[in-house]
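Here's the structure we're looking at; comments come further down.
Residue numbers (our numbering): 6 to 291.
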């Protein structure tokens, strides 16, 4: 397979999941119109979710397009070998990208500085297919950094891009409530039920089900939680805004206040690098 063929395959996979997502969106809209409950709120929530694409695409165009050249430079300088563009190399790239996504995603929940970006995706009190495109402006930068080790392991930039696209495209269809539990599928693959749990702010659901395509990594690393009662979606703190600017930058004001009011440089560093909600003890000790 040539790089052009692999790129075409990636676009076809992405297009297929977009069509599935559009079909689900039509069902969600029909259900919303039929029931008529919270219609205005839901439409407003969808619009603000879609609005997050404005800063996200701007970063993609002006920052990440050039930054991805790093992969090609590293491929020239730091690869002792290169995995071929064969079927098994493609399968391996998707598995590696899915494993990387698990840790990229988990760390974004556990480091407050990164959470300022990923919290945008979690800030909606609604859960629908449009939530899947609700992104923080700089999430792509963290993704770029996390996938750099794959270059050193022998994956070509083309294989890495294909893996990233496949993992993200798969997740298009799981942001919905119109699909219920799926039996054995839920125990292996990331599904609407599993991802509803991930978006829940109930104590039992917080920081669970980080997987992209599969939840096997969650099973292995102890972060899996099956859906039981219907989750309450959104952030644990009281945030329920449909102001695009507030949604895009919801966590930054709080982090800024904590950092500038920190008693020491070390405390300021901990505010940025410790999990969201971390607070120093009254005497300044950890």
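A virtual CB, placed ideally from N, CA and C, is assigned to each residue, including glycine.
- Per DSSP, residue 194 forms a beta bridge with which residues? The beta-bridge partner set that DSSP reports for residue 194 consists of 219.
Count the other CB atoms within 10 Å of the CB of residue 31; is the residue buried (16 or more) or exposed (fewer)? That one is exposed.
Quiz item: In three-state terms, what does DSSP make of residue 205?
Solution: The answer is strand: DSSP assigns residue 205 an E or B state.
By how many angstroms is the C-alpha of residue 238 removed from the C-alpha of residue 213? In a straight line, the C-alpha of residue 213 is about 13 Å away from that of residue 238.
Residues in its own chain within less than 7 Å of residue 77 by CB, not counting five upstream and five downstream?
Closer than 7 Å at Cβ, skipping near neighbours: 162.
- request: Kindly say whether residue 231, judged by its beta-carbon, lies nearer than 8 Å to any beta-carbon of chain C.
  value: Judged by its chain identifiers, the structure shown contains no chain C, having just a single protein chain.
Under 8 Å between the Cβ atoms of residue 335 and residue 58? Shown here, the chain extends from 6 to 291; a query on residue 335 therefore has no answer.
By the three-class DSSP mapping on this structure, what secondary structure does residue 106 have?
Correct three-state label for residue 106: helix.
Just how far apart, CA to CA, sit residue 273 and residue 107?
One alpha carbon belongs to residue 273, the other to residue 107, and they sit about 27 Å apart.
Practice prompt. Evaluate residue 39 with the Cβ neighbour count: other Cβ atoms within 10 Å of its Cβ, from every protein chain shown; 16 or more gives buried, anything less gives exposed.
Written response: Burial call: exposed.
Any idea which residues DSSP pairs residue 238 with across the strands? Residue 238 is bridged to 205.
Residue 151 vs residue 121 beta-carbon contact at 8 Å
Not a contact, by the Cβ cut-off of 8 Å.
Worksheet item: Is the Cβ-Cβ distance between residue 142 and residue 61 less than 8 Å?
Response: Yes, these two residues count as a Cβ contact at 8 Å.
Count the CB pairs spanning the segment 243-255 and the segment 127-137 that are closer than 8 Å, and state whether there are at least three. Result yes; three or more Cβ-Cβ pairs closer than 8 Å.
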